[in-house]
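The opening position of the sequence shown corresponds to residue 44 in the numbering used here, with each subsequent residue numbered one higher.
Backbone N, C-alpha and C fix where the C-beta goes; we use that ideal spot for every residue, glycine too.
As the structure is a computational prediction, the values presented were derived from the model and not from experiment.
To keep things clear, I will list the structure first and then write my remarks on it.
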Amino acid sequence: EPAYARHTAEALAASLGHSIDEVAAIWADGFESLFDVQLPSAVRDLTLDGRRDDQEAPMGGCRGAAVYWLRARDIDVTNVHGHHFHGEGLGFQMCRDMRIRDCTFSHHSGNGLHPGAGSTNCLFERCTADANGYCGFFFCVRANHITVQDCTFRSNGVGVSIGTRDCCNLVEDCTIRAN
Numbered sequence: 044e045p046a047y048a049r050h051t052a053e054a055l056a057a058s059l060g061h062s063i064d065e066v067a068a069i070w071a072d073g074f075e076s077l078f079d080v081q082l083p084s085a086v087r088d089l090t091l092d093g094r095r096d097d098q099e100a101p102m103g104g105c106r107g108a109a110v111y112w113l114r115a116r117d118i119d120v121t122n123v124h125g126h127h128f129h130g131e132g133l134g135f136q137m138c139r140d141m142r143i144r145d146c147t148f149s150h151h152s153g154n155g156l157h158p159g160a161g162s163t164n165c166l167f168e169r170c171t172a173d174a175n176g177y178c179g180f181f182f183c184v185r186a187n188h189i190t191v192q193d194c195t196f197r198s199n200g201v202g203v204s205i206g207t208r209d210c211c212n213l214v215e216d217c218t219i220r221a222n
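Now the structure itself:
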C-alpha cells in the first residue's frame with residue numbers, strides 16, 4: 044500500500060471523526076453509516092441576491108454555491124430564488140433524497156443547478172435556470188436517479204450537461220432554449 048493512500052485514508056477518517064479502523068469497519072457494514080443521521084429539513088420562500096459585482100473571485104461549484112449542501116439527505120427546497128452569485132446557484136455533493144421545487148436560479152457566473160458527485164434519488168420540479176455563465180443544469184459525475192421535470196433552462200452557457208458514470212436519470216417535459 045503506497046504511503047499516500049494510507050495518508051489519504053487517514054485524512055478521510057479524521058474528517059469524519061473516526062479512526063481509520065473504525066472507518067474500515069463502518070465501510071464494511073455499508074457506506075451510508077459513515078454519515079451522521081440527519082432529520083428532514085426544509086428551506087422555503089427565500090430570495091438571495093449574490094451581489095456578484097462585489098465578489099472578487101468566483102466560488103468553485105464542487106464546494107460551494109449560493110445554496111449548498113454536502114452529505115445531506117431528505118431536504119425540501121421550495122420557492123427559493125437566487126441571482127447574481129459569483130459561482131453556482133444551487134449545488135450539493137454526496138446528497139440523497141433532495142427535493143427542489145418551484146425555484147429559480149439566474150445570472151450566476153457558474154451553473155444554475157448542480158446535483159453533485161455521488162448524489163442520488165433527487166427531484167427537480169418546476170425550476171428555472173436562466174442566464175447562468177455555465178450550464179443551466181449540470182449532472183455531475185455519478186449523479187444517479189435524478190429526476191428533472193417541467194423545468195426551464197434558457198440563455199445559459201449550456202442548457203443541460205450530463206456527466207460521466209451517471210445512470211438512471213430522467214429529464215421530462217422540460218424546455219431547453221437559447222443556450
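- Taking C-beta separations shorter than 7 Å and ignoring five residues to either side along the sequence, the partners of serine 152 in its chain run Arg95, Pro101, His129, Gly130, Gly176, following chain order.
- Listed in chain order, the non-local C-beta contacts of serine 149 below 6 Å within the same chain comprise His126, Asp173, Ala174, local neighbours out to five positions each way being set aside.
- Taking the C-beta atoms as reference points, phenylalanine 196 is found no nearer than 8 Å to phenylalanine 182.
- Rounded to whole angstroms, the Cβ separation of alanine 115 and histidine 157 is 14 Å, and the two are not in contact under 8 Å.
- Non-local C-beta neighbours of threonine 147 in its own chain, meaning closer than 6 Å and more than five positions away in sequence, comprise His124, Thr171, ordered along the chain.
- When the beta-carbon positions are compared, glycine 155 and cysteine 178 come within less than 8 Å of each other.
- Exclusion of the five residues before and after tryptophan 112 leaves Ile118, Phe135, Cys138 as the residues of its chain whose Cβ lies within less than 7 Å of its Cβ.
- Leucine 133 and valine 110 have their alpha carbons spaced roughly 5 Å apart.
- Taking every protein chain shown into account, the CB of alanine 221 has fewer than 16 other CB atoms within 10 angstroms, so this residue is exposed.
- Residue range 171-173 is occupied by the beta strand (DSSP E) that includes alanine 172.
- DSSP places cysteine 217 in the coil class of the three-state scheme, outside both helix and strand.
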